[in-house]
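Participant: Encoded as structure tokens, here's the structure I'll be asking about.
Protein chains in written order, with the numbering used here: chain A, 85 to 302; chain B, 23 to 1012.
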């Protein structure tokens, strides 16, 4: 009786089994890449805003301090978004009839708040606190990038857990002197030697503390 | 085996266990023993019926695929909506606290309410308020859910049709105009007990304008007996309050003084301060409880005497006679046997400490008991020391039952033209023999101000939605007279009006808003100079300085005793008595729509979602019923069918049942829960009626948590006496073998920094449940419903285990709050396949919800059974108004996720961040867990056990300190101080 399967079937089946491993690995790789891709993280994606607010203009051009608008960044978990009246402090006088600013004026007129699109959005089970990061000498730039170079706001970092943990494991790579926290342009001469000194000075807790689950999740 | 002598005595008992949680356990029923080994009660993880293998595989495959896909969701795009004009004091992300006051039975309890961007989320006690001292009861904790109740009335209605405030005011004022010529003869105002100075001013102004109008008060949890007794003893109605700080001996005459009545939270604190044993235990007071139904006071008592309610006056009179109170004589007062011995021992103890002892009569005891207590306290020189008399807190204290009767008579006679029901629900709560509902229909114009559309609204043409107390300006006085302003935390969610605004409609063409009314009333009371400053200070502090009532020294009328003794009728031996009480959860029925309270396991019975007839085991045997069997209780010409609950320690020949259930109309949660017992109530004797009880043969399913989450172990609760402690300070530790620290499979953790720990002092836990609700409010814990509770799926992170010890007729009761132990060698951590539960650097056993896949291995491996699983989607994520009340600092969990006590990690992190910003260590006491903060007796302490000076470290160094199941070497961070009692030698030797 002749063989049902041709001899080449043996090879084919071996190759198939062998290839399945690569296929599975490949699929996992694709999934991981997709997970880290801007499609998922929205890194560098510019979202539509009611007013095309330019950080470059306000920060680099006019020299406004971050805290003028994000006023609770040193005291609260939430950095704070400027109220309409904060915008109107200046825009009563300047560009007071620019059509771009109509949503701001209309908000002031009607008392309806402006709905900004959230650019930096952590999942709801993450409890990030701005004030402690600022107090420990983590600069705005570390997470938000050079906003003074952004005409339209975008998310500069992936904001995924592995990215958070990178710094929670090695804060010395990001920490800066307290008076440079809000600076967009500060550069460490030698972060490798300055970092550990600042970590001690600012009493930044050890990696075991900072990577406990309940540090961020509760 | 341990060498503890009690172990032998317990093994000599037929069923071996010294402590038992239910009668089934005492009898050693097999089901209970099986349940001990399971993670959840057996029914919790039951499959739906009729599931075959094929279907199972289908479902398993589908859920795997769906669960996998569910994990792939992308974050939705969200918005940030800043203020248009940011209020100066609000920092987004940081809560603010406002002082206000809540009333129950008219009396105020000072609160601090946490508000996140204008949304109140959590209620705490106000440390500066005398009734609170920072603590609250379960009702206050649950009030936040009442605020956001989506079933609250939302529309002003006329004849069930939608109307508006302006039309209501016009209609009311047209009626008033017609009454003007008649001097207001047809006007009747019915309120609950009022202590609010502003409201009383307004009502008096209405009575000035309409001299023939009348004001009636009716509070279903009536204190008429207290008022009448005061009038009998002192010639006029006075307020009696008890100062337990200097009381060495306390006798509770059917008095649940730690949980019932105005000032209970404060009394519990003062009592506990004299019960916490430190050092040699000098200064520990002694409590004798004589009670007709098991209560919190009885669980704390050093000696407890269970008597039928009808016999309480006799015991009181016998005690008076024993103490030589003039007038307390009579043959009927002779007691027999153990009762006589008990009374003799109590009397001897009292006489040994004149001026440092107190007899407290129960809120629900008849007037004779109160009169006798006044006389006894007078005889013992307690007046002015442990008993303080002041002017009444209520500006118009009246006999409310007669007042209501008068109103009904006027209604029947057609003399009432305008019936204003301002708060309360008299159709449901009025004594049935008055037939109030029928009578009130005779009034042509009736309106009802209430937070819910309820039974009374059905009988009124107009229903005005009432603002919740967190939405309105008002004021109230506490048990000692201290006045507080109630300030709103939020604009009325549903356009409610306050009682002040409704009363203003009687006086003003355009009624002023509440703030103007309350402020003006205090402008006349506070010094004109600097009013603005003192108003602001009063609002900030939550108390108005100098408003506490000074102590009086009224002359005691000695002949009141003779009258009281003369009025005592010995109860018929055969008659069964029905003891009615307000419910520990829904009170008089007003909280019936509050899911947190409905699902709260009631003290002692651990029942949820029902009211029952509590009977003694002997009586249950006589009736041939078991827990869950329905009986018919007949009293006052009415009958009610309700399930029996066999309660060990309940006096024989007596049935205790709680009011407030069987609401016919309130909301989706409370309508139809339990059985209405108001029809069985009698206006003359509201708390005790003669009854007949018959078996019906029906059965009903009750949801009790008493056998849920049973643990192994011989000494879950450890207890002893002061004498034992003095003889052998190490006796608690010796009860169980303590393994060496290094005996473990797992490498030890090190805690170089902080190490959080929590300790519970069992000596002062009253089992009042305030902590359970506080935990629920703080941690967004969902309500699961009666059916799910029956399956053992309740979600409370903190449960209060109740253990009985001794014979079923008169067992000692021990309460034991059990939350996550945060073990240093946690059995749950090592079995989680996905690393969802981990050990933090400070020793917290962290739970990461977003990692949890719901294997439930952790709860399977938890010997304390403190983990709770979301078997279904319990959190209501759909109802918008409920979202407002959630704690924004805590994740709302969804289906398929395990959860448990976190030691309020959000509070720890908050305090740590503040401390780190200031560059200092976290101070002891800076982090309080929600349960600790609410606890009226301060039985819970939390802190850093590495800090030798912290309170928790000091508690842990006490000789009575022990860990639950510490023989397992889990090294729990939650630990206990053994329950100590201070029994009298006389009765012990007995």
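Don't be surprised by glycine CBs; every beta carbon is placed ideally from N, CA and C.
The model shown is predicted, which means the values in this text are computed figures rather than measured ones.
Confirm, please, whether the CB-CB distance from residue 843(B) to residue 996(B) is below 8 angstroms.
Facilitator: The residue you call residue 996(B) lines up with position 974 of the second chain. The residue you call residue 843(B) lines up with position 821 of the second chain. Yes; because the gap between Cβ atoms is below 8 angstroms, this pair is in contact.
Participant: Taking 8 angstroms as the CB-CB limit, is residue 105(B) close to chain A?
Facilitator: Counted from its first residue, the second chain places residue 105(B) at position 83. Judged by the 8 angstroms Cβ criterion, residue 105(B) is in contact with chain A.
Participant: Please tell me whether residue 108(B) has its Cβ less than 8 angstroms away from any Cβ of chain A.
Facilitator: Residue numbering aside, residue 108(B) sits at position 86 when the second chain is read from its first letter. So, interface residue.
Participant: Quick one: measure Cβ to Cβ for residue 139(B) and residue 119(B), integer angstroms, because I've assumed they're closer than 8 angstroms.
Facilitator: Position 117 of the second chain, counted from the first residue, corresponds to residue 139(B). Position 97 of the second chain, counted from the first residue, corresponds to residue 119(B). About 14 angstroms; that fails the 8 angstroms criterion.
Participant: Going by DSSP, name the residue or residues bridged to residue 222(A).
Facilitator: Your numbering for residue 222(A) matches position 138 in the first chain. According to DSSP, residue 222(A) bridges with 259(A).
Participant: What does the alpha-carbon distance come out to for the pair residue 191(B) and residue 214(B)?
Facilitator: Looking up residue 191(B) in the second chain gives position 169. Looking up residue 214(B) in the second chain gives position 192. Between residue 191(B) and residue 214(B), the C-alpha separation is close to 22 angstroms.
Participant: Taking residue 99(A) as part of the alpha helix (DSSP H), name the residues at either end of that continuous run.
Facilitator: In the first chain, the residue the question calls residue 99(A) occupies position 15. Its alpha helix (DSSP H) spans residues 92 to 120.
Participant: If you reduce the DSSP assignment to three classes, tell me which class residue 379(B) lands in.
Facilitator: Against the second chain, residue 379(B) aligns to sequence position 357. Residue 379(B) carries a strand assignment under DSSP once its states are collapsed to helix, strand and coil.
Participant: Give, in chain order, every residue of the segment 131 to 152 of chain A whose Cβ lies closer than 8 angstroms to some Cβ of chain B.
Facilitator: Per Cβ criterion, the list reads 131.
Participant: On the premise that residue 473(B) lies in contact with residue 488(B), defined as a C-beta separation below 8 angstroms, what is that separation, rounded to the nearest angstrom?
Facilitator: Counted from its first residue, the second chain places residue 488(B) at position 466. Counted from its first residue, the second chain places residue 473(B) at position 451. Yes, residue 488(B) and residue 473(B) are in contact; Cβ-Cβ is about 5 angstroms, under 8 angstroms.
Participant: So residue 297(A) packs on residue 868(B), CB below 8 angstroms; how close in whole Å?
Facilitator: The residue you call residue 297(A) lines up with position 213 of the first chain. The residue you call residue 868(B) lines up with position 846 of the second chain. Their Cβ separation, rounded to whole angstroms, is 4 angstroms, which keeps residue 297(A) and residue 868(B) in contact under 8 angstroms.
Participant: May I have the straight-line CA-CA distance separating residue 711(B) from residue 294(B), to the nearest angstrom?
Facilitator: For the purposes of this step, residue 711(B) is identified with residue 689 of the second chain, where counting begins at 1. For the purposes of this step, residue 294(B) is identified with residue 272 of the second chain, where counting begins at 1. The alpha-carbon atoms of residue 711(B) and residue 294(B) are separated by roughly 34 angstroms.
Participant: Work out the CA separation of residue 566(B) and residue 741(B) for me, nearest whole Å.
Facilitator: In the second chain, residue 741(B) corresponds to position 719, counting from 1. In the second chain, residue 566(B) corresponds to position 544, counting from 1. When rounded, the distance between both Cα atoms is 43 angstroms.
Participant: Does any C-beta atom of chain B lie closer than 8 angstroms to the C-beta of residue 209(A)?
Facilitator: As a working mapping, residue 209(A) is identified with position 125 in the first chain. It does; some Cβ of chain B falls within 8 angstroms.
Participant: What is the rounded straight-line gap between the Cα of residue 593(B) and the Cα of residue 330(B)?
Facilitator: Stepping through the second chain from its first residue, residue 593(B) is reached at position 571. Stepping through the second chain from its first residue, residue 330(B) is reached at position 308. Between residue 593(B) and residue 330(B), the C-alpha separation is close to 9 angstroms.
Participant: For residue 656(B), name the three-state secondary structure that DSSP assigns.
Facilitator: Residue mapping note: residue 656(B) aligns to position 634 of the second chain, counting from 1. The answer is strand: DSSP assigns residue 656(B) an E or B state.
Participant: Which residues share a DSSP beta bridge with residue 860(B)?
Facilitator: Position 838 of the second chain, counted from the first residue, corresponds to residue 860(B). According to DSSP, residue 860(B) bridges with 868(B).
Participant: I'd like to know whether the C-beta of residue 944(B) is nearer than 8 angstroms to at least one C-beta of chain A.
Facilitator: Taking the first residue of the second chain as 1, we reach residue 944(B) at position 922. No, residue 944(B) lies away from the interface with chain A (no Cβ there is under 8 angstroms from its Cβ).
Participant: Residues of chain A with a CB under 8 angstroms from the CB of residue 871(B): which are they?
Facilitator: What you label residue 871(B) is simply residue 849 of the second chain in a count that begins at 1. Under the 8 angstroms cutoff, chain A gives 209 and 301.
Participant: Mind checking residue 509(B): buried by the 16 CB within 10 Å criterion, or exposed?
Facilitator: Walking along the second chain from the start, residue 509(B) turns up at place 487. It is buried - the Cβ of residue 509(B) has at least 16 other Cβ atoms within 10 Å.
Participant: Indicate whether the contact test is met: 3 or more Cβ pairs, each with one atom in the segment 257 to 274 of chain B and one in the segment 298 to 317 of chain B, closer than 8 angstroms.
Facilitator: Three or more pairs of CB atoms, one per stretch, sit closer than 8 angstroms, so the segment 257 to 274 of chain B contacts the segment 298 to 317 of chain B.
Participant: Using the rule of at least 16 other Cβ atoms within 10 Å of the residue's Cβ for burial, across every protein chain shown, is residue 1012(B) buried or exposed?
Facilitator: The count along the second chain starts at 1 and reaches residue 1012(B) at position 990. No answer about residue 1012(B) holds up, because its pLDDT of 45 lies below 50 and its placement is not dependable.
Participant: Do you know offhand how far residue 707(B)'s Cα is from residue 918(B)'s?
Facilitator: Here residue 707(B) is taken as the residue at index 685 of the second chain, counted from 1. Here residue 918(B) is taken as the residue at index 896 of the second chain, counted from 1. For residue 707(B) and residue 918(B), the gap between their C-alpha atoms comes out near 51 angstroms.
Participant: Any beta-carbon of chain B closer than 8 angstroms to the one on residue 48(A)?
Facilitator: The first residue shown for chain A is 85 and the last is 302, placing residue 48(A) beyond what the model contains.
Participant: Can you grab the Cα-Cα spacing for the pair residue 877(B) / residue 854(B), in whole Å?
Facilitator: For the purposes of this step, residue 877(B) is taken as residue 855 along the second chain, with counting starting at 1. For the purposes of this step, residue 854(B) is taken as residue 832 along the second chain, with counting starting at 1. When rounded, the distance between both Cα atoms is 8 angstroms.
Participant: Contact check, residue 478(B) vs residue 450(B) under 8 angstroms by CB: the rounded distance?
Facilitator: Start at 1 with the first residue of the second chain, and residue 478(B) comes out as number 456. Start at 1 with the first residue of the second chain, and residue 450(B) comes out as number 428. The pair is a contact, with the Cβ atoms about 7 angstroms apart (cut-off 8 angstroms).
Participant: Check the C-beta distance from residue 898(B) over to residue 615(B) and give it rounded, since I have them as a contact under 8 angstroms.
Facilitator: The residue given as residue 898(B) occupies position 876 in the second chain. The residue given as residue 615(B) occupies position 593 in the second chain. Incorrect: roughly 14 angstroms between the Cβ atoms, too far for contact.
Participant: Answer yes if the segment 744 to 761 of chain B comes into contact with the segment 987 to 1001 of chain B, meaning at least three C-beta pairs across the two stretches below 8 angstroms, and no otherwise.
Facilitator: yes
Participant: Please report whether the beta-carbon of residue 948(B) lies at a distance below 8 angstroms from any beta-carbon of chain A.
Facilitator: Counted from its first residue, the second chain places residue 948(B) at position 926. It does not: the Cβ of residue 948(B) has no partner Cβ on chain A nearer than 8 angstroms.
Participant: Can you pull the chain A residues whose beta carbon is under 7 angstroms from the beta carbon of residue 863(B), in chain order?
Facilitator: Taking the first residue of the second chain as 1, we reach residue 863(B) at position 841. Correct list: 292, 293 and 296.
Participant: Given that a residue counts as buried once 16 or more other Cβ atoms are within 10 Å of its Cβ, and exposed if not, what is residue 316(B)?
Facilitator: Position 294 of the second chain, counting from 1, holds the residue named residue 316(B). With 16 or more other Cβ atoms within 10 Å, it is buried.
Participant: Touching or not, the segment 407 to 426 of chain B and the segment 238 to 251 of chain B, by the rule of three or more beta carbon pairs under 8 angstroms?
Facilitator: yes
Participant: So that I know if they touch, is there some Cβ in chain A lying closer than 8 angstroms to that of residue 941(B)?
Facilitator: Position 919 of the second chain, counting from 1, holds the residue named residue 941(B). Yes, residue 941(B) counts as interfacial toward chain A.
Participant: Can you tell which of 839(B), 568(B), 840(B) and 862(B) has the C-alpha that lies nearest to the C-alpha of residue 848(B)?
Facilitator: Within the second chain, residue 848(B) is the residue found at index 826, counting from 1. Residue 848(B) has its Cα closest to that of 862(B), out of 839(B), 568(B), 840(B) and 862(B).
Participant: Given that a residue counts as buried once 16 or more other Cβ atoms are within 10 Å of its Cβ, and exposed if not, what is residue 237(A)?
Facilitator: To locate residue 237(A), count along the first chain from 1; it is residue 153. Counting Cβ neighbours within 10 Å, residue 237(A) comes out buried, since at least 16 surround it.
Participant: May I ask which residues mark the beginning and end of the alpha helix (DSSP H) holding residue 144(B)?
Facilitator: Counted from its first residue, the second chain places residue 144(B) at position 122. Residue 144(B) -> not in any alpha helix (DSSP H); beta strand (DSSP E) instead, spanning 141 to 147.
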